[in-house]
Amino acid sequence: NYEEENMKKVMLSGLTLLSVLTLAACSTGNKETKTSESKEKTTQTTVEVTETTEVQEIKASGVTYLTDAEIEGIQTAGDYKRLFKSLMDTYVKDFDSLIAQLPKVAQNTIAPQRDQMVTTIEQQYKALEDQFAAAGATDDTPIPAESRDTLISTLKSSRDMLKSTMESIYKQAQDLLNQ
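As C-alpha cells, this is what we get:
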C-alpha cells in the first residue's frame with residue numbers, strides 16, 4: 001500500500017531526526033558543562049568567593065521524562081509527534097532547572113548555548129512536521145506495525161540518553177561548586 005510505504009519512510013526519517021537531535025543535545029550538554037568549568041576556573045580568581053559559592057547544592061529538577069508505558073502507547077503519527085515534542089520539552093525544562101541553580105557567572109556562560117539548543121530542537125520539530133505533511137500523514141495516520149517496534153526502541157533509547165546526560169551534567173555542576 002502506497003500510504004503505508006510513505007508512512008514507513010516518514011517514520012524512518014523521523015527516527016533519524018530524533019537520533020541526530022539526541023546526539024546533538026547530549027554533545028551540547030557536555031560542551032556547556034566543560035565551557036562552564038573553564039569559565040568558572042578563569043573567573044574564580046576575580047569573582048568574590050561568595051559569588052561562586054552562592055549555591056551550596058544543586059538539586060535534580062524532578063522533571064519526569066517519558067515513561068515506557070507512554071512510549072509503548074504510540075499508535076499514530078500524532079502520538080509520535082506529541083511524544084517527540086514532550087521529550088525535547090522535558091530536556092529543556094530539566095536543563096533550565098539546572099541553569100537556574102548555578103551562580104550568575106555560569107548562567108551567563110551557558111545561556112547562549114541553551115538558546116542555540118532550543119533553536120535546534122524547534123527546527124528539528126518543524127522538519128519532522130514538514131516530513132509528515134509531505135507524506136500526507138495526518139495526526140490520525142496509524143504507524144505501521146513493522147515500524148512501531150523500532151520507533152518505540154529509538155524513543156526509549158533517546159529518553160534514556162537524554163536523562164543520563166542530564167544526570168551527568170548535574171553531577172559535573174555539583175563537582176564544580178564543591179571545588
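Each residue of the sequence shown is one higher than the one before, starting from 1 at the first, in the working numbering. Don't be surprised by glycine CBs; every beta carbon is placed ideally from N, CA and C.
Min CB distance residue i to chain D below 8 angstroms
i, result
"residue 131", "The displayed structure is made up of one protein chain only, and chain D is not part of it."
Selected residue, minimal CA-CA separation from residue i, among the options
i, options, result
"residue 94", "137, 60 and 171", "60"
"residue 91", "128, 166, 175 and 57", "166"
"residue 184", "141, 57 and 87", "With the chain represented from 1 up to 179, any question about residue 184 goes unanswered, as that position is not in the structure."
"residue 139", "62, 82, 72 and 58", "82"
"residue 70", "177, 57, 159 and 175", "159"
"residue 128", "177, 85 and 100", "85"
DSSP beta-bridge partners of residue i
i, result
"residue 138", "Paired residues: none, contrary to the question."
"residue 120", "DSSP, once it has assigned bridges, lists no residue as partnering residue 120."
"residue 76", "142"
Close Cβ partners of residue i (< 6 angstroms) along its chain, the five nearest in sequence each way excluded
i, result
"residue 175", "none"
Neighbourhood of residue i by C-beta, 8 angstroms cutoff - its chain only, sequence neighbours within 5 removed
i, result
"residue 46", "Confidence at residue 46 is low in this model, with a pLDDT of 32, below 50, so its placement is unreliable and the value that follows should be read with caution. Taken in chain order, the list of residues that qualify is empty."
"residue 58", "98, 101, 102, 170, 173, 174 and 177"
7 angstroms Cβ shell around residue i - same chain, five flanking residues per side excluded
i, result
"residue 118", "92"
Should the stretch 72–83 be called in touch with the stretch 122–141, which here means at least 3 C-beta pairs below 8 angstroms?
yes
Pair every Cβ in the stretch 139–149 with every Cβ in the stretch 106–125, then say whether three or more of these pairs are closer than 8 angstroms. no
Using 8 angstroms as the Cβ pair cut-off and three pairs as the minimum, do the stretch 57–70 and the stretch 147–161 touch? yes
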